[in-house]
Each structure stands twice: as C-alpha cells, then as structure tokens.
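One structure below.
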Amino acid sequence: MRTENSLTLLGRLLDKVCASDLLHREHRLALAARIEHLLTETGLNRLQFGNYIRVEMNELRGWLSGTRDLTLETLTEICALFHISIGDLLAEQV
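Just so we're aligned: 86 in UniProt numbering is position 86 of the sequence shown, and the numbers increase by one with no gaps anywhere.
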C-alpha cells in the first residue's frame with residue numbers, strides 16, 4: 001500500500017514537471033516566432049540580427065528554434081533594435 005501511494009505521488013509530481021517543461025518550451029517557441037516575424041517585417045536577416053545583438057549564430061539558432069532561453073539583457077537589446085517594449089515583444093499576437 002505504501003509503495004503504491006509513493007508511486008502515485010511520484011507519478012503526479014512527474015506529470016507536473018513535464019507540464020511545466022512543456023509550457024516553458026511553448027513560451028520559448030512563441031517568442032522565437034515573434035522574433036522571426038519582426039525580422040521579416042523589418043527585412044533583417046539572421047546574420048544582421050545576430051551581429052546587432054552580438055551573438056554567435058549557433059546561439060541565435062538555439063533561441064529561434066526554441067531550445068535555448070534568452071536573458072533579460074538580450075531581450076532588452078532585441079527590443080531596442082525593433083523599437084518596442086518588452087511587453088510588446090512578449091505579447092501574444094493575434
């Protein structure tokens with residue numbers, strides 16, 4: 001009985017961890033899509049964008065593929081480039 005309760009608890013905890021990981025990834029992908037949209041709107045390519053914010057292409061690829069997180073400092077630089085607020089960058093697009 002005790003083992004069964006422990007396994008049930010462990011299962012619930014793992015479900016929560018997985019759900020939060022999925023949400024985190026979803027947010028990274030949404031941000032990446034927003035940045036790609038801004039690049040298209042402004043006519044910037046990835047190389048120009050990477051040069052402006054001073055990052056290597058492999059790091060930029062990680063951000064735009066949703067596999068790496070951006071720092072607040074990087075988000076601030078991106079917003080300065082596009083002349084938008086962080087709120088506008090993170091706002092859900094309709």
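Cβ coordinates follow ideal geometry from the N, Cα and C atoms, glycine included.
Taking 7 Å as the cut-off, the Cβ atoms of Arg54 and Gly62 do not count as close. If only complete runs of 3 or more residues are kept, the segment 9-51 shows no beta strand (DSSP E) anywhere. Judged by beta-carbon spacing, Gly66 lies within the 7 Å limit of Ala32, meaning their Cβ atoms are closer than that value. Counted as a single uninterrupted DSSP element, the alpha helix (DSSP H) harbouring Ala80 occupies residues Leu72 to Phe82. The C-alpha of Arg12 is placed about 41 Å away from the C-alpha of Gly50. Here the alpha carbons of Leu9 and Phe82 stand approximately 47 Å from one another.
For the set Ile35, His24, Arg25 and Cys18, the Cα lying nearest the Cα of Thr74 is the one of Ile35.
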